[in-house]
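Read the structure below first, then the notes.
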Amino acid sequence: MEMSTCDETPLVCSDCRKRVSSRSYHCNICHVCIVKRDLHCAWLNCCIGEKNHRWYLATLISALAQTSLCSNLILTTACHPFKVFGSFMLPDDCSDVYFDILYGVMFVTSVYCILVMIFLLILLINECWLISLGITGHEWRNSTRRSLCGLVSNRPYSKGFFSNWWEFFSGTEKNYTTLCI
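In structure tokens form, the structure reads like this:
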């Protein structure tokens, strides 16, 4: 294959035999190459890549807000609430959960919501960290050197903290889907 004058060399995927960019990765579940593949999300049953990464981050934030609201509403229903400010309430005394089965089930459900909320928060922090570093989750997992959580590893696509976030939200990042021939 001849080299072009562009800075990105076209590659051929060994699995699907299609020409891809250097930041494309083949998903063994979807059986397709994804540009800037971050991960294959089992909950959404799709790959998270360049085209839907912002929507994935918005989904994580939305799910985090929903689970925190759900756990707060359940706990303030099952436990005796007190007002913090305005109409915002927090649970105070949860002694009734030991005597009524309905309150006990509600309390356990809110604990499950809190556990899911912690998991979603870890996912969100991880995604924000990777965006700040300018790498994808797939690139981070395949890197041989992970010292200091990716701070000292080789990151050829990183343009700095603010530029990485600007490119993520504005969508002005280099179009890796087009190839120079």
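Heads up, the sequence shown is in full-length UniProt numbering, so the first residue is 1 and it goes up one at a time. Where is the CB? At the ideal position from N, CA and C, for every residue including glycine.
Check: Can the beta-carbon of G137 be found closer than 8 Å to that of L73?
Finding: Against a cut-off of 8 Å, the Cβ pair of L73 and G137 comes out as no contact.
Check: Looking at the unbroken alpha helix (DSSP H) that takes in S24, where does it start and where does it end?
Finding: Run containing S24: none in the alpha helix (DSSP H); it sits in the beta strand (DSSP E), S24 to C27.
Notebook entry, point to check: With DSSP run on the structure shown, which of helix, strand or coil describes residue 233?
Noted result: No answer is possible for residue 233: it lies beyond the span of the chain, which begins at 1 and ends at 181.
Item checked: Distance CB(A63)-CB(L120) smaller than 8 Å -> yes
Checklist line | Reference M117, options S68, N142 and N45, closest by Cα | finding: Cα-wise, what sits closest to M117 is S68.
Notebook entry, point to check: So, using beta-carbon positions, are F82 and L90 closer together than 8 Å?
Noted result: F82 places its beta carbon less than 8 Å from that of L90.
Check: So, are the CB atoms of Y157 and G171 less than 8 Å apart?
Finding: no
Item checked: Contacts around K18, its chain only, beta-carbon distance under 8 Å, and the 5 residues preceding and following it disregarded -> V12 and C33
Next item on the list: Taking R37 and C46 to be in contact with their CB atoms under 8 Å, please state how far apart those CB atoms are, rounded to whole angstroms.
Entry: 11 Å between Cβ atoms; not a contact.
Checklist line | Runs of beta strand (DSSP E) lying entirely within the UniProt domain "Palmitoyltransferase DHHC" (10–142), each at least 3 residues, in chain order | finding: 24–27, 32–35, 39–41, 46–48, 80–85 and 88–93
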